[in-house]
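Asks: As you go down the protein sequences, you meet chains G and P in turn.
Residues 22 to 816 (this note's numbering) make up the first sequence, in order.
Residues 1411 to 1674 (this note's numbering) make up the second sequence, in order.
The C-beta atom is built at its ideal place from N, Cα and C for all residues, glycine as well.
On a predicted model such as this, the values are computed, not experimentally measured, just so you know.
Dumping the structure here so I can ask a few things about it.
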Amino acid sequence: MNVVTPFEGIGASVKRKEDLRFLSGRGQYTDDINRPGQTYAAILRSPHAHARIVSIDTAAASAMPGVVAIFTGADMPDLGGIPCGWQIHNKDGTPMAEPMHPVLAVGKARFVGDAVAAVIAETRAQARDAAEAIEVEYEVLPAAATMEAALAPGAPLVHDGVAGNVCYDWHIGDRAVNEAAFAKAAKVVEFELVNNRLVPNAMEPRAAIGDFDRTTDEYTLYTTSQNPHVIRLLMGAFVLHIPEHKLRVVAPDVGGGFGSKIFHYAEEAIVTWAAGKLGRPVKWTAERTESFMTDAHGRDHVTKARLAMDADGKFLALHVQTLANMGAYLSTFATSVPTYLYATLLAGVYTTPTVYAEVKAVFTNTVPVDAYRGAGRPEATFLLERLVDVAAAETGMDRIEIRRRNFIPNDAFPYQTPVALQYDSGDYTATLEQALKTADWAGFEARRAEAKARGRLRGIGISTYIEACGIAPSAVVGSLGARAGLYEVGTIRVHPTGSVTVLTGTHSHGQGHETTLAQLVTDRLGVPLAQVDVVHGDTAKIPFGMGTYGSRSLAVGGSAMVKAMDKIVAKARRIAAHLMEASVEDVEFDRGTFRVAGTDKTKSWGEIALTAYVPHNYPIEELEPGLDETAFYDPKNFTYPGGCHICEVEIEPETGITTVVNFTAVDDVGRVINPMIVEGQVQGGVAQGIGQALLEACVYDNEGQLVSASFMDYQMPRANDLPPVSVATHTTLCTHNPLGVKGCGEVGAIGSPPAVINAVVDALKDYGVRHIEMPATAAKIWGIINASRPAMAAE
Amino acid sequence: MYDFEYHKPGSLADAVKLLSADPDARPISGGQTLLPALKHRLNKPTSVVDLSGITELKGIRKEGDKLVIGALAKHFEVATSEVVKAAIPALAQMAGTIGDTQVRNRGTIGGSVANNDPAADYPSAVLGLNATIVTDKRRIAADDFFQGMFTTALEPGELLVAIEFPIPEKAGYAKMRNPASRYVMAGAFVAKTGGTVRVAINGAGPGVFRQTEMETALSTNWSPEAVAGIKQDADGLNSDIHGSAEYRAHLVTVMAKRAIAAAG
Ligand SMILES: Cc1cc2nc3c(=O)[nH]c(=O)nc-3n(C[C@H](O)[C@H](O)[C@H](O)COP(=O)(O)OP(=O)(O)OC[C@H]3O[C@@H](n4cnc5c(N)ncnc54)[C@H](O)[C@@H]3O)c2cc1C
């Protein structure tokens, strides 16, 4: 008998299998890899946000020691542009503007950091020396550094062919129905806010190595990617024209991505192409400054919203107008973020019968903006949850009561929203009640009074949110403009002695898949965790895959594994039936043991595995040997995690410094596979959410220079900026995937920012504050307090 | 980083010789400022003269009514030195708040004071305590030493050897950190030494400076209340994405109050 003790299956907080490797410095990251004969690339980048490239003189640089080659955009006439993976259509049905994104700038540089030339040399230092010696003559052009500047009449054009710098002007919802609802409203709340731009700052900077084998014509790209197969497709098919069977993409250990490593970047194409040209491997590793300047940034919305209510505080209609910054070029998924990952979430957890959203995407002379942890959903949640608080304040309603009154009730599932999505399950009252209790909401006023006696302003804030992940049925995303399917692939490879290798098309870059996915196998097949290994991140090993983002790995990738395990179990039962001379229908399988129902006749997992590979006594006429199955799983719907976050802050009025003193998260992430990992994911997400709300400011000046281009000026959350976060889950199962899982990777970053800002506004309620833009820095808060001092003193 | 020669002299005389022979040579102490600058290619010295082997620059000792700290004393050493803690506790406390553990175990007082970063900690202690900078050539009063952003009275090739601090009756330091860099947004070092009060402000302006209005007020009334009503002029203070000049001016008063409270 194969008894698994201690329990390591679904629901067990087993320690992460990958951590010994990471904590002892044995991780193998891209920059740790070195290929024989390797050269190094340095990228010469534009110091100007917008400039015509008049000439590039590489003569002196080419003669410098160690220089192997120097390439500019002119050397790559046959290469395609870096593609965008999602086509959005305008209100009038025409497709979005999709200007060419050359691998190396051609004609113009469009943001500070735009790649202008690539130097390949024997050493990193030589490559940099030569890059500095390249003489570029620029004709500096006025820059459209902000969306406001880009949309102003007569604004400089980022792309000569894109009038008004508008990429698309899109909408969702029924405008006429929406307007009619506003006409009947008892009260309309109007509100404007900004969702601040963020720099992703993964711990490991991006890196890439291109390699080429002239004997086989095979290219290999080692890269810091969340989705190697997607990179193979985008770079191979669209940019370099290399067929898949001649292009291998390896994404080894990756030190964090948060979305920024989903996208196909120019450097990947440069090193791969150059390796082919030179017949030598080419490595590029970003310096931290390059990460700040060239990793796709996140968020950056400016939004106006109107909420219509009846006399009882029921929401009647929501109208949203959002400007979304695309940066200078369209990054891989940039266009989908402020549309199908944002506007479709604007119903939130509320029964608002009509939502009409208009989104204008704008080109600016800044680095491209794309998905960053939460991608669109934090923007929707921040807008809604601030708006609901403002609506409560302006109608004199209690903040909790207004939410309760508008919640989608438990008996309404599946619930069709007015903005396309159909929620399958949830219990918003339960997560709310549990959070209120854990956070002791009822006892808050006493804590506020106690803080006041100490000279501190204490506030409490709440957010009740929903998000959509596990993206999504391929047919649906295809009809919405996605240029890829969004299924996932899993292979279960049972070895002759019964141990298992899992091949997954998802990618782990901090999430702990090597543990969580292995737990699925242990739970289903009864194989001890130590005998299950998860392999990911190599197109030469994994059949196919769409990668990891949007909290999809378990919901989609895990479901593919379940399908593959179904096939394994079905075949194994046939083998067992043969060995036990029973009919297949009578063979039961439970965690490692095959039994003829109602008898004590059993076969162990190991015996069946061995028989599959040593088929001496085997139904060879009807069954192939081997026990190795692959499944593709296409999701039936998004999954809808949701929950309630409550934040408590204290402000020191003298300095404006805000301290988060309590944070409670009660999330519904569906079935929990490893509670410890879920807790870690939520904590990390909350840390990033607090970072966005209070600390992180990505600032470009009017000339398009990135002012916050280093950790000296960009404040990442540190341990002492964060409170202990109380994390709990309340489960309703996803109804349409076999595991009932919803996803937990982004909930922390989605639910938390409005809870923090609602708390800050609550702390400042005596100062007549309606809203504070993120990040609510000490200087900003002091400014508010200082400005209203005379008024306060007069009271 | 560009290529450079590396020297590690064993004596002050040898170091001075190396530095005076080559105007593009640079001394390196803890390297916590110079190394990042080299890595970012912001600096291109022909050679780097490592001071860490020079005994004359080491040591922390009390000499009569003075505390003498050698240029090579690391922030960690100053923070934990029993001698410093007994003589000028505010200085030990300050050293314990500079940067992080790694920085405190590499960075030195000599490097920090010679560098005179407007957002650094030590310069306010040196100015507030009316210390004397001892170099290989001369002695320089604190009032003459700091000459604005990253500028000091040190001549090219001149080496800071030690800093002599008169021991105060009372001293205190308070600062608000820049949220991102954790250097100083605004700080105040207050000291009463031999009956004279000095208030040195760091972080807020383009260089460390004395707040004479506060000094006058504190001379007759040593209490936080004495400075509470004194408004620092915002004119000329730093203004950036982290805070306006007005905010920093306000913080100067807040930090001065706290420094006095800390001094007791
Ligand atoms: C992450 C980080 C955080 C930091 N945070 C803070 C902070 O909060 N507060 C703060 O005050 N500082 C901070 N620092 C700076 C730190 O305190 C440095 O140690 C200090 O600024 C320089 O000291 P050093 O010994 O490292 O000097 P080095 O880097 O070796 O030298 C600095 C400069 O001084 C010159 N120099 C060095 N020694 C002498 C000498 N004896 N005579 C003449 N010239 C000399 C060098 O040529 C160079 O120009 C931080 C540094 C880092 C890296």
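1) With a 10 Å radius around its C-beta and 16 neighbouring C-beta atoms as the bar for buried, classify residue 649 of chain G as buried or exposed.
2) Using the beta-carbon of each residue, which ones in chain G are nearer than 8 Å to residue 1485 of chain P?
3) Using beta carbons (cut-off 9 Å, strictly below), is residue 610 of chain G in contact with chain P?
4) Can you check whether the CB of residue 140 of chain G is closer than 9 Å to the CB of residue 88 of chain G?
5) Taking residue 404 of chain G as part of the alpha helix (DSSP H), name the residues at either end of that continuous run.
6) Mark residue 376 of chain G as exposed unless 16 or more other C-beta atoms lie within 10 angstroms of its C-beta, in which case mark it buried.
7) Less than 8 Å between the CB of residue 1594 of chain P and some heavy atom of ligand 1, yes or no?
8) Using a beta-carbon distance below 9 Å, is residue 678 of chain G in contact with chain P?
9) Starting from residue 443 of chain G, follow its DSSP beta bridges and name the residues at the other end.
10) Between the alpha carbons of residue 1482 of chain P and residue 1573 of chain P, how many angstroms are there, rounded?
11) Note down the Cα distance separating residue 525 of chain G from residue 563 of chain G, rounded to an integer number of angstroms.
12) Using the three-state DSSP reduction, which class does residue 1660 of chain P fall into: helix, strand or coil?
13) Could you tell me whether the stretch 150 to 159 of chain G touches the stretch 60 to 80 of chain G, where touching means 3 or more Cβ pairs closer than 8 Å?
14) Does the Cβ of residue 430 of chain G have 16 or more other Cβ atoms within 10 Å, making it buried, or fewer, making it exposed?
15) Closer than 8 Å, Cβ to Cβ, to anything on chain G: give me those residues from the stretch 1507 to 1533 of chain P, in chain order.
16) In chain order, what residues of the same chain have a beta carbon less than 8 Å from the beta carbon of residue 816 of chain G, not counting five sequence neighbours either side?
17) With a threshold of 6 Å on Cβ separation, who are the neighbours of residue 1614 of chain P within its own chain once the five nearest residues in sequence on each side are excluded?
18) CB-CB under 7 Å to residue 1456 of chain P, same chain, minus the five flanking residues each way: which ones, in chain order?
19) Is the distance from the Cβ of residue 601 of chain G to the Cβ of residue 617 of chain G below 9 Å?
20) Considering residue 237 of chain G, what are the terminal residues of the beta strand (DSSP E) in which it resides?
21) With 7 Å as the limit, tell me which residues of the stretch 710 to 742 of chain G have their beta carbon closer than that to any beta carbon of chain P; keep them in chain order.
22) By the three-class DSSP mapping on this structure, what secondary structure does residue 1503 of chain P have?
23) Taking just the CA atoms, how far does residue 463 of chain G sit from residue 39 of chain G?
24) Would the C-beta of residue 1532 of chain P count as close to ligand 1, meaning under 8 Å from any of its heavy atoms?
25) State the Cα-Cα distance for the pair residue 22 of chain G and residue 767 of chain G, rounded to the nearest angstrom.
26) Just to confirm the assignment, what range does the beta strand (DSSP E) spanning residue 823 of chain G have?
27) So residue 798 of chain G contacts chain P; which residues on that side make the cut at Cβ distance below 7 Å?
28) So, do the stretch 646 to 662 of chain G and the stretch 487 to 500 of chain G have three or more beta carbon pairs nearer to each other than 8 Å?
29) Check each residue of the stretch 1644 to 1656 of chain P: if its Cβ is closer than 9 Å to any Cβ of chain B, include it; give the result in chain order.
30) Should residue 1547 of chain P go down as buried or exposed, given a rule of 16 or more other Cβ atoms within 10 Å for buried?
31) Along chain G, which residues have their Cβ under 9 Å away from the Cβ of residue 1624 of chain P?
32) From residue 542 of chain G to residue 580 of chain G, what does the alpha carbon distance come to, in whole angstroms?
33) Report the rounded CA-to-CA distance for residue 814 of chain G versus residue 1641 of chain P, giving the unit in angstroms.
34) Kindly list the residues whose CB is nearer than 7 Å to the CB of residue 736 of chain G, restricted to its own chain and excluding five residues on each side of it in sequence; keep chain order.
35) Could you check whether the Cβ of residue 1513 of chain P sits closer than 8 Å to any heavy atom belonging to ligand 1?
36) Is residue 430 of chain G near ligand 1, going by C-beta to nearest heavy atom under 8 Å?
Replies: In terms of the structure at hand:
1) Buried is the call here.
2) Those do not exist, as residue 1485 of chain P stays about 19 Å from chain G at its closest Cβ, beyond 8 Å.
3) The Cβ of residue 610 of chain G sits no closer than 9 Å to any Cβ of chain P.
4) Using a Cβ distance threshold of 9 Å, residue 88 of chain G and residue 140 of chain G count as a contacting pair.
5) Residues 398 to 416.
6) With 16 or more other Cβ atoms from the protein chains shown falling within 10 Å of its own Cβ, residue 376 of chain G counts as buried.
7) Within the cutoff, so yes.
8) Chain P, which has a Cβ nearer than 9 Å to the Cβ of residue 678 of chain G, makes this yes.
9) As computed with DSSP, residue 443 of chain G is found in a beta bridge with G:437.
10) Going from the Cα of residue 1482 of chain P to the Cα of residue 1573 of chain P covers about 11 Å.
11) Straight across, the Cα-Cα distance linking residue 525 of chain G with residue 563 of chain G is about 6 Å.
12) Under the three-state reduction of DSSP output, residue 1660 of chain P falls in the helix class.
13) Three or more beta-carbon pairs separated by less than 8 Å link the stretch 150 to 159 of chain G to the stretch 60 to 80 of chain G, which places the two stretches in contact.
14) The residue is exposed, with fewer than 16 neighbouring Cβ atoms inside 10 Å.
15) Answer set for the stretch 1507 to 1533 of chain P: empty.
16) With a pLDDT of 41 at residue 816 of chain G, under the threshold of 50, the modelled position of this residue cannot be trusted; read the value that follows with caution. Apart from the 5 residues on each side of it in sequence, residue 816 of chain G has no Cβ closer than 8 Å to any other Cβ in its chain.
17) The answer, listed in chain order, is 1596, 1647, 1658 and 1662.
18) Here the set comprises 1414, 1415, 1432, 1434 and 1435.
19) It is a contact, given that the beta carbons lie within the stated cut-off.
20) Neither: residue 237 of chain G is in no beta strand (DSSP E) and is coded neither H nor E.
21) Within the stretch 710 to 742 of chain G, the qualifying residues are 716, 718, 720, 728, 729, 732, 733, 734, 735 and 736.
22) DSSP places residue 1503 of chain P in helix when its eight states are reduced to three.
23) Distance between the alpha carbons of residue 39 of chain G and residue 463 of chain G is about 42 Å.
24) At least one heavy atom of ligand 1 is nearer than 8 Å to the Cβ of residue 1532 of chain P, so yes.
25) Any reading at residue 22 of chain G needs caution, since the residue's pLDDT is 45, under 50, leaving its predicted position unreliable; the model's value is listed next. The C-alpha of residue 767 of chain G is placed about 40 Å away from the C-alpha of residue 22 of chain G.
26) Residue 823 of chain G falls outside the range modelled here, since chain G spans only 22 to 816, and no answer is possible.
27) Chain P residues near residue 798 of chain G: 1589.
28) By the criterion of at least three beta-carbon pairs nearer than 8 Å, the stretch 646 to 662 of chain G is in contact with the stretch 487 to 500 of chain G.
29) The structure shown has no chain B; the protein chains it does contain are G and P.
30) So residue 1547 of chain P ends up on the exposed side.
31) Identification of chain G residues near residue 1624 of chain P by a Cβ-Cβ cut-off of 9 Å yields none; the smallest Cβ-Cβ distance measures about 17 Å.
32) Going by C-alpha positions, residue 542 of chain G is about 12 Å away from residue 580 of chain G.
33) Its pLDDT being 45, under 50, residue 814 of chain G is placed unreliably by the model, and the measurement read from it follows with that caveat. The straight-line gap from Cα to Cα measures roughly 18 Å.
34) Excluding sequence neighbours, residue 736 of chain G sits near 716 and 717.
35) Yes, the Cβ of residue 1513 of chain P comes within 8 Å of a heavy atom of ligand 1.
36) It does not: the Cβ of residue 430 of chain G is nowhere closer than 8 Å to a heavy atom of ligand 1.
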